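Some notes on the structure that comes next.
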Amino acid sequence: MNGARPFERANAALRPLDEAAAADAAAHHCRLAKPRGALGRLEDTGVRLAGIAGLSPPPIPEPATVVVFAADHGVLAEGVSPWPQEVTAQMVSTFCTGGAAINVLARQAGARVVVVDVGVAGALDPAPGLVDRKVRAGTSNLAVQPAMSVDEASQALDAGAETAAECVAAGARCLVTGDMGIGNT
Numbered sequence: 028m029n030g031a032r033p034f035e036r037a038n039a040a041l042r043p044l045d046e047a048a049a050a051d052a053a054a055h056h057c058r059l060a061k062p063r064g065a066l067g068r069l070e071d072t073g074v075r076l077a078g079i080a081g082l083s084p085p086p087i088p089e090p091a092t093v094v095v096f097a098a099d100h101g102v103l104a105e106g107v108s109p110w111p112q113e114v115t116a117q118m119v120s121t122f123c124t125g126g127a128a129i130n131v132l133a134r135q136a137g138a139r140v141v142v143v144d145v146g147v148a149g150a151l152d153p154a155p156g157l158v159d160r161k162v163r164a165g166t167s168n169l170a171v172q173p174a175m176s177v178d179e180a181s182q183a184l185d186a187g188a189e190t191a192a193e194c195v196a197a198g199a200r201c202l203v204t205g206d207m208g209i210g211n212t
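Numbers given in the working numbering equal positions in the sequence shown, counted from 1, plus 27.
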């Protein structure tokens, strides 16, 4: 496993959920004075956090880091978005200066924001909170050919694993991921 890629190492390090802690958390929800399932996905999230932590109730996973992975998508050539490709780089700049909605939400939650350039088509100026892990400058048009090679996809997964490891090493106990790229839908 020493020669494994970062994503493979991260995947191999994952442990199964603690089923007893998850079951205890689910039972706790059933004992509360509320209709069963009234909290919806929040209950599911609490059960999953208990399973991950091995504790019920689960600890609040803080501090958090929001990681936005940015890349441009070649399928934009098919007219799938009303926005031009340049908006990706503009949004990355806005994320890095703290002016986007995700920055406001992160500040309210006490989380920091990290932006990772995995494949923005244009060049980006260095900025606080911007990590350069560019695999390539945008993907190919998936309507006419594979968007990326298998090796490029592996590099992108490795970029995610490396970024996650760095965030955890810097103290993050909760990672929230997002993406930015015109044509990503």
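C-beta: ideal position from N, C-alpha, C; glycine also. None of the values given here were measured: they were computed from a predicted structure.
Please name the residue or residues paired with residue i in a DSSP beta bridge.
| i | result |
| --- | --- |
| F122 | Looking at the DSSP assignment, F122 forms no beta bridge with any residue, so it has no partner. |
| V98 | Sequence check: residue 98 is Ala here, not Val. DSSP, once it has assigned bridges, lists G146 as partnering A98. |
| C201 | A91 |
| R139 | T92 |
| D206 | F96 |
| L157 | V142 |
Check the C-beta distance from residue i over to residue j and give it rounded, since I have them as a contact under 8 Å.
| i | j | result |
| --- | --- | --- |
| G101 | S167 | 5 Å |
| R163 | G137 | 35 Å between Cβ atoms; not a contact. |
Let me check understanding here. Comparing Cα to Cα, which of the options lies closest to residue i?
| i | options | result |
| --- | --- | --- |
| G106 | A180, G126 and L169 | L169 |
| D206 | A97, A150 and G125 | A97 |
| C123 | V140, P88, R134 and P111 | V140 |
| E35 | R68, L184 and E193 | L184 |
| G156 | V142, A150 and I129 | V142 |
| D51 | G73, W110 and A60 | G73 |
| T121 | L151, E46 and D99 | L151 |
| P33 | A180, T204 and A197 | A180 |
| D159 | V119, G30 and H56 | V119 |
Among residues of its own chain, excluding the 5 on either side of residue i, which ones have a beta-carbon nearer than 8 Å to its beta-carbon?
| i | result |
| --- | --- |
| K161 | D144, V145, G146 and V147 |
| L44 | R75, G78 and I79 |
| V195 | L202 |
Quick one: residues in its chain with C-beta nearer than 7 Å to the C-beta of residue i, no 5 flanking neighbours on either side, listed in chain order?
| i | result |
| --- | --- |
| P86 | A80 |
| A199 | P90, A91 and T92 |
| S108 | I209 and G210 |
| C201 | P88, E89 and A91 |
| A53 | V74 |
Leaving aside the five residues before and after residue i along the sequence, list all residues of the same chain whose C-beta is less than 6 Å from its C-beta, in chain order.
| i | result |
| --- | --- |
| A174 | T166 and S167 |
**OP:** Say whether the region 93-101 touches the region 77-85, bearing in mind that this needs 3 or more beta-carbon pairs closer than 8 Å, one atom from each stretch.
**Re:** Because the criterion of three Cβ pairs below 8 Å is not met, the region 93-101 and the region 77-85 do not touch.
Original post:
Below 8 Å, can you find three or more Cβ-Cβ pairs linking the region 109-123 to the region 178-189?
Top reply: With a cut-off of 8 Å, the region 178-189 and the region 109-123 do not count as touching, because too few Cβ pairs lie within range.
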